[in-house]
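Enquirer: Throughout, the working numbering is defined as the position within the sequence shown, counted from one, plus 775. Okay, here's the structure, questions in a sec.
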Amino acid sequence: MPGPSAGGAAGHSPGFSSRRQPALHRLSRREREIVNILYELGSAGAHEVVERMSDDLSYDTVRVTLSILEKKGYLVHHREGRRYIYTPRTSREKASRSAMQNLLRTFFDNSPSKAILTMLDVSGERLNEEELERISRLIEEERET
776 MPGPSAGGAA GHSPGFSSRR QPALHRLSRR EREIVNILYE LGSAGAHEVV ERMSDDLSYD
836 TVRVTLSILE KKGYLVHHRE GRRYIYTPRT SREKASRSAM QNLLRTFFDN SPSKAILTML
896 DVSGERLNEE ELERISRLIE EERET
């Protein structure tokens with residue numbers, strides 16, 4: 776397997792860095808799928824990723840893409856014997872917050888209310904009582920500030 780480039784993550788323990796996460800919206804569809812698989816699994820080697828890909832990709836293609844994602848700053852790796860085990864650099868929650876901030880800026884003029892109303896309109900799903908209660912609490916907290 777190819778090792779990381781100089782200054783890469785070799786020897787780093789898996790986990791999350793305080794380094795700024797690159798924007799996930801700049802990834803190709805295949806790269807996003809791989810990152811999402813790693814979020815689901817926590818960490819994995821190329822074989823585990825290949826097994827979960829929607830397309831029939833070769834082991835070498837996935838391995839190279841994992842290496843590229845590491846160079847781009849999305850992943851870190853550590854070794855387990857001869858295997859490289861990859862882990863997302865930041866938590867899914869942090870990446871989700873970053874993506875939502877980008878959506879707010881790009882499509883909703885930084886307006887949470889515009890985004891919420893659009894999501895409710897297009898989802899086609901009814902909110903359950905627990906979700907309604909949570910939203911009501913958040914609205915009340917916002918009114919108090």
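Quick reminder that beta carbons are idealized off the backbone N, C-alpha and C, glycines included.
For the alpha helix (DSSP H) holding leucine 892, just list the boundary residues, first then last.
Expert: To locate residue 892, count along the sequence shown from 1; it is residue 117. Counting along the chain, the alpha helix (DSSP H) containing leucine 892 begins and ends at 887-898.
Enquirer: Mind checking serine 793: buried by the 16 CB within 10 Å criterion, or exposed?
Expert: Translated into the one-based positions of the sequence shown, residue 793 becomes position 18. Confidence at serine 793 is low in this model, with a pLDDT of 41, below 50, so the placement of that residue should be treated as unreliable; the coordinate-derived value is given next. The residue in question, serine 793, is exposed, as its Cβ has fewer than 16 Cβ neighbours within 10 Å.
Enquirer: Please name the residue or residues paired with threonine 862 in a DSSP beta bridge.
Expert: Your numbering for residue 862 matches position 87 in the sequence shown. DSSP lists Val851 as partners of threonine 862.
Enquirer: Figure out for me which residue from Glu806, Glu917 and Gly820 has the closest Cα to the Cα of glycine 856.
Expert: Walking along the sequence shown from the start, residue 856 turns up at place 81. With distances taken between Cα atoms, glycine 856 lies closest to Gly820.
Enquirer: According to DSSP, alanine 819 sits in a beta bridge with which residue or residues?
Expert: The sequence position of residue 819 within the sequence shown is 44, counting from 1. Looking at the DSSP assignment, alanine 819 forms a beta bridge with Tyr861.
Enquirer: Quick one: measure Cβ to Cβ for tyrosine 834 and histidine 852, integer angstroms, because I've assumed they're closer than 8 Å.
Expert: Position 59 of the sequence shown holds residue 834. Position 77 of the sequence shown holds residue 852. Tyrosine 834 to histidine 852, Cβ: 16 Å. No contact.
Enquirer: Please tell me whether valine 942 and leucine 816 are closer than 8 Å, where the distance is taken between their beta carbons.
Expert: Absent from the structure is residue 942, since the part of the chain shown begins at 776 and ends at 920.
Enquirer: Taking just the CA atoms, how far does arginine 858 sit from methionine 920?
Expert: For the purposes of this step, residue 920 is taken as the residue at position 145 of the sequence shown. For the purposes of this step, residue 858 is taken as the residue at position 83 of the sequence shown. Strictly speaking, residue 920 in this sequence is threonine, with methionine absent from that position. Rounded to the nearest angstrom, the two C-alpha atoms are 51 Å apart.
Enquirer: Whole angstroms is fine: what's the gap from glutamate 916's alpha carbon to alanine 874's?
Expert: On the sequence shown, residue 916 is found 141 positions in, with the first residue counted as 1. On the sequence shown, residue 874 is found 99 positions in, with the first residue counted as 1. If I take the Cα positions, the gap works out to 24 Å.
Enquirer: In terms of residue numbering, what span does the alpha helix (DSSP H) encompassing methionine 828 cover?
Expert: Position 53 of the sequence shown, counting from 1, holds the residue named residue 828. Neither: methionine 828 is in no alpha helix (DSSP H) and is coded neither H nor E.
Enquirer: Between the C-alpha atoms of serine 886 and glutamate 905, what's the straight-line distance to the nearest angstrom?
Expert: Reading the sequence shown from its first residue, position 111 is the one you call residue 886. Reading the sequence shown from its first residue, position 130 is the one you call residue 905. Taking the straight line joining both Cα atoms gives about 24 Å.
Enquirer: Looking at C-alpha atoms only, which residue of Arg909, Arg827 and Asn877 is the closest neighbour of arginine 801?
Expert: In the sequence shown, residue 801 corresponds to position 26, counting from 1. With distances taken between Cα atoms, arginine 801 lies closest to Asn877.
Enquirer: Round the Cβ separation of tyrosine 814 and arginine 867 to the nearest angstrom and send it over; I've been treating them as touching at under 8 Å.
Expert: Along the sequence shown, read from residue 1 onward, the residue named residue 814 stands at position 39. Along the sequence shown, read from residue 1 onward, the residue named residue 867 stands at position 92. Yes, tyrosine 814 and arginine 867 are in contact; Cβ-Cβ is about 5 Å, under 8 Å.
Enquirer: Assign asparagine 877 to one of three DSSP states: helix, strand, or coil.
Expert: By one-based count along the sequence shown, residue 877 stands at place 102. Reduced to three states, the DSSP call for asparagine 877 is helix.
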